[in-house]
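Visitor: Handing you a structure now.
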Amino acid sequence: MEKSLEKHLEETFKIPGVSGIICTDEQGLCLASKGVSNSNCSGSIASVAQQAEHLRKTSNSPSIYIESENGNLLIGRRENITMAIFKSD
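See the structure below:
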């Protein structure tokens, strides 16, 4: 799994504007990070994804988009992994 996860991180990091990526498990443990992402925020990212699932019950986990002056953050959860992508303007 580590090789596959690392490959996905590398491919995603090549997308223009992506400045950081972090992946967590269901408990918020940082599985991998790259770029400006801070592994200390992995628990918060996992928690935001879990709370968003409670807001809207669907078959797929919702995607969360956060805008700020410093850039944008996209959080999504698939299966047991939560991924956050940091994009700079």
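As numbered in the working numbering, the sequence shown has no gaps in its residue numbers, which increase by one up to the final residue, 102.
No residue lacks a Cβ here, since even glycine has one placed at the ideal position from N, Cα and C.
Computed from a predicted structure; not experimentally measured.
Determine whether the beta carbon atoms of L44 and I94 lie at a separation below 9 Å.
Guide: Yes. Within cutoff.
Visitor: Find the nearest neighbour of N42 within the set Y78, S55, K27, judged by alpha-carbon distance.
Guide: It is worth fixing the name first, because residue 42 is Leu in this sequence and not Asn. Closest option to L42, Cα to Cα, is S55.
Visitor: Which class does S25 belong to by DSSP, given the choice of helix, strand or coil?
Guide: A small fix is needed here, since residue 25 is Thr in this sequence, not Ser. T25 falls in the helix class under three-state DSSP.
Visitor: What is the C-beta distance between A97 and S50, in whole angstroms, given that I count them as a contact (C-beta under 8 Å)?
Guide: Indeed, because the Cβ distance is near 7 Å, the residues count as touching under 8 Å.
Visitor: Using a Cβ-Cβ cut-off of 7 Å (strictly less than) and excluding sequence neighbours within five positions of R90, which residues of its own chain qualify?
Guide: Around R90: A62, S74.
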